[in-house]
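Asks: First, the structure itself, so that you have it in front of you.
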Amino acid sequence: AQSVTQPDIHITVSEGASLELRCNYSYGATPYLFWYVQSPGQGLQLLLKYFSGDTLVQGIKGFEAEFKRSQSSFNLRKPSVHWSDAAEYFCAVGATGGYNKLIFGAGTRLAVHP
Amino acid sequence: GAGVSQSPSNKVTEKGKDVELRCDPISGHTALYWYRQSLGQGLEFLIYFQGNSAPDKSGLPSDRFSAERTGGSVSTLTIQRTQQEDSAVYLCASSSRPDSPLHFGNGTRLTVT
């Protein structure tokens, strides 16, 4: 069965520091992979997605993620964090060849210190 | 254009009452999903509608939960005889194609007292 693990429940970084949020998935075939962000009082917004092709994908707000099949990982990165990046981040996996039924991780809450 | 709209944004109900939550997807989106987000947890898939196909109800937690989608557009999630463990944020999402990313509404926060 599909599953997604986000090992870090909370992460705190200083503004301007680099960021990496971890995501590991379990799926038998090549998955669709997504990162969503949920800011306080707002709905979920898609940051980026991986379907196929280049394993390094660029998203909005300066985020990128790298698909590593050998590690079953899809970690999210940003070189320099801004205070407005404080939010909850969700990794999700979807089935290829079928419909877009996403399985979400439990989320990582990011706090940014000035 | 307009995004996914959900109503009400907040709902407080007494244990044992029935509630209805509404979702207006983005116009033209054929796929519609309901998810539940409990405090401190990720999103739990509930149900999926795609066009005129039979819905995938595999995520509904009990027979107290049901959903319908009228005319391929608006959807209503109904919870009968609500329990305290039903308290959560219920999120609706839609997409234009099965392999397109989901667009989420802001959710309905349900509190069962």
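Those protein sequence lines, which keep their order, are chains G and X. Under my numbering, residues 1 to 114 are what the first sequence spells out, in order. Under my numbering, residues 1 to 113 are what the second sequence spells out, in order. C-beta: ideal position from N, C-alpha, C; glycine also.
#1: From which residue to which residue does the beta strand (DSSP E) around R36/X run?
#2: Hey, how far is the Cα of L46/G from the Cα of T82/X?
#3: How big is the Cα-Cα spacing for S27/X and V4/G?
#4: Near Q58/G, which residues of its chain fall below 8 angstroms by C-beta distance, leaving aside the five closest residues on each side in sequence?
#5: I want to see whether chain X comes within less than 9 angstroms of Y36/G, judged by CB atoms only; does it?
#6: With a threshold of 7 angstroms on Cβ separation, who are the neighbours of N75/G within its own chain once the five nearest residues in sequence on each side are excluded?
#7: Can you give me the C-alpha to C-alpha distance between W34/X and L46/X, rounded to a whole angstrom?
#8: For the ligand MG, is there any heavy atom lying closer than 8 angstroms to the beta carbon of E88/G?
#9: Can the beta-carbon of Q84/X be found less than 9 angstroms from the beta-carbon of K11/X?
#10: Can you list, in chain order, the residues of its chain whose CB lies under 7 angstroms from that of N106/X, leaving out five sequence neighbours each side?
#11: Determine the extent of the beta strand (DSSP E) in which H113/G is found, giving its start and end residues.
#12: Unbroken beta strand (DSSP E) runs of length 3 or more, entirely within the region 32 to 76 of chain G: which are they?
#13: DSSP on G94/G, reduced to helix/strand/coil?
#14: For T12/G, list the residues DSSP reports as bridge partners.
#15: Quick check: the region 83 to 91 of chain G against the region 63 to 76 of chain X, are there 3 or more CB pairs under 8 angstroms?
#16: By Cβ distance, which residues of its chain are closer than 6 angstroms to I103/G, with the 5 residues on each side in sequence left out?
#17: State yes or no: is the C-beta of Y90/X within less than 9 angstroms of the C-beta of L110/X?
#18: Could you confirm whether any beta carbon from chain X is found closer than 9 angstroms to the beta carbon of A106/G?
Replies: According to the structure data:
#1: 31 to 37
#2: 31 angstroms
#3: 31 angstroms
#4: Within the same chain, Q58/G has close Cβ partners L48, E64.
#5: yes
#6: Hits under 7 angstroms: E20, L21, R22, C23, A65, E66.
#7: 5 angstroms
#8: The model depicted lacks the ligand MG and carries no ligand whatsoever.
#9: no
#10: Within the same chain, N106/X has close Cβ partners Q6, S9.
#11: 108 to 113
#12: 32 to 38, 44 to 50, 56 to 58, 64 to 68
#13: Three-state result, G94/G: strand.
#14: A111/G
#15: no
#16: Residues Q2, V4, V93 of the same chain have their beta carbon placed closer than 6 angstroms to that of I103/G, with the five preceding and five following residues left out of the count.
#17: yes
#18: yes
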